[in-house]
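This report refers to the structure that appears directly beneath it.
Numbering (this note's numbering), first residue to last: -1 to 381.
Written out as structure tokens, the structure reads:
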């Protein structure tokens, strides 16, 4: 793959040429170089990976073009957005799904994150033809890879990770999750996220044109760049989820091991574990530093164990923390959502730390300081 070739394919697909902020090229160039030199892509995987990158760039071209034709959208505020984050597999999905049941809130939906412009017409977030097309694509994918649904399931109109919005600037962990690209990962961990967050906000301004509400977003990886997030969104409300690291590491590594074979026939499980743990260390360290600077109450904490035991009660505490009312209508909708979506609805996710060269005791010792600081309930060690 060549950068010029990728850009040309996206421009040909859309009939558009303006990429917007030229800083996007830095991440794209690093990603393409790493993909060529390090990803060990299979023939089919290379085709899929190129199509993914071209599709992401095509979406960006359409967003930039739409906003150039509707610049008034960039004058509309994004007020008090709420961001849910935490180490992956800690309950961020359950949290965002509960919050999305509140009719006053507005979440980034999967289909519109992937095919964003023009914005859906009023009241058509769940009927837009792009939603229908994405739902059909997901149904096909799940038929051929049901294990992915058991690990992490989304409908086309489910709230999705806003790292899809960050991917539009080619500064997102999702690329590192899908394929082995250590040099991109090194760049991603060190780069400024400000250009990506600025474009993230422009995307929200576009999407809220006809369907408003309080933006409520989730992305496990935001602890890496909280300073940049709050620079662009100074009134952001921050929520972090926590879970026993033994379960987090095993589950997260298992997800990666099921995704990467779609792009490569050479997947190193121990390397996945090493990279995941190192990234988790960065996430914990950086959000610790953010709290040390802004105060413990700058982030509202949710324990996964509490979330499973009393999910609506946790939501009541979250709303109270931000001095907001959880309306009877919202609470009833959350209760209904839970009843219709029991845990394990899409299958049971099984995994083992041993296949990644790890042990429960080793992982628990590695994350001991994190568990102690946030009083994370941990499973009793096997005897």
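Positions of the beta carbon are idealized from the N, C-alpha and C atoms, including for glycine.
Residues bridged to residue i (per DSSP)
i           : result
residue 213 : 104
residue 238 : 83, 299
residue 39  : 262
residue 157 : 107
Inter-residue Cα distance where the pair is residue i and residue j
i           : j           : result
residue 154 : residue 132 : 6 Å
residue 384 : residue 109 : Beyond the ends of the chain as shown, which are -1 and 381, falls residue 384; an answer cannot be given.
residue 148 : residue 10  : Per-residue confidence for residue 148 stands at a pLDDT of 49, beneath the threshold of 50, marking its modelled position as unreliable; no derived number is given.
residue -1  : residue 15  : 19 Å
residue 193 : residue 92  : 29 Å
residue 105 : residue 216 : 9 Å
residue 329 : residue 21  : 43 Å
residue 362 : residue 243 : 7 Å
residue 368 : residue 293 : 17 Å
residue 317 : residue 298 : 10 Å
residue 96  : residue 332 : 5 Å
residue 73  : residue 358 : 51 Å
residue 35  : residue 46  : 17 Å
residue 40  : residue 259 : 9 Å
residue 241 : residue 123 : 32 Å
residue 111 : residue 165 : 10 Å
residue 303 : residue 171 : 26 Å
residue 120 : residue 210 : 9 Å
residue 351 : residue 157 : 29 Å
residue 436 : residue 370 : Past the boundaries of the shown model lies residue 436; the chain is included only from -1 to 381, so the question cannot be answered.
residue 295 : residue 287 : 13 Å
residue 38  : residue 340 : 38 Å
residue 301 : residue 374 : 7 Å
residue 68  : residue 253 : 39 Å
residue 366 : residue 208 : 47 Å
Same chain, Cβ closer than 7 Å to residue i, neighbours up to 5 away in sequence not counted
i           : result
residue 284 : 221, 222, 224
residue 255 : 265, 267, 270
residue 227 : 81, 195, 220, 234
residue 116 : 64
residue 8   : 52, 55, 56, 59
Residues near residue i by beta carbon distance below 8 Å, same chain, minus five either side
i           : result
residue 4   : 26, 30, 48, 51, 52, 55
residue 383 : This structure cannot speak to residue 383, because the chain is shown only from -1 to 381.
residue 187 : 222, 277, 280
residue 355 : 267, 268, 271
residue 246 : 85, 86, 87, 88, 278
residue 107 : 123, 129, 154, 155, 156, 157, 158
residue 305 : 89, 92, 93, 239, 312
Within-7 Å CB hit, residue i to chain C
i          : result
residue 72 : Looking at the structure shown, chain C is missing, and only one protein chain is on hand.
Own chain residues within Cβ distance below 6 Å of residue i, not counting five before or after
i           : result
residue 62  : 16, 18
residue 86  : 218, 250
residue 43  : 261, 262
residue 335 : 99
residue 90  : 82, 84, 216, 218, 239
residue 162 : 111
residue 319 : 298
Local conformation of residue i per DSSP, three classes
i           : result
residue 219 : coil
residue 365 : coil
residue 168 : coil
residue 373 : coil
residue 9   : helix
residue 411 : The structure shown does not extend to residue 411, since the chain is modelled only from -1 through 381, so no value can be given for it.
residue 308 : coil
residue 152 : coil
residue 321 : coil
residue 78  : coil
residue 147 : Summary for residue 147: the model assigns pLDDT 47, below 50, so the residue's position carries little reliability, and this model does not support an answer.
residue 177 : coil
residue 25  : helix
residue 119 : coil
residue 190 : coil
residue 98  : helix
residue 162 : helix
residue 330 : helix
residue 113 : coil
residue 206 : coil
residue 17  : coil
residue 127 : helix
residue 57  : helix
residue 244 : helix
residue 340 : coil
Taking contact to mean 3 or more Cβ pairs, one atom from each stretch, closer than 8 Å, check whether the segment 232 to 239 and the segment 101 to 111 are in contact.
no
Determine, using beta-carbon pairs with one atom in the segment 173 to 191 and one in the segment 267 to 284, whether at least three such pairs fall under 8 Å.
yes
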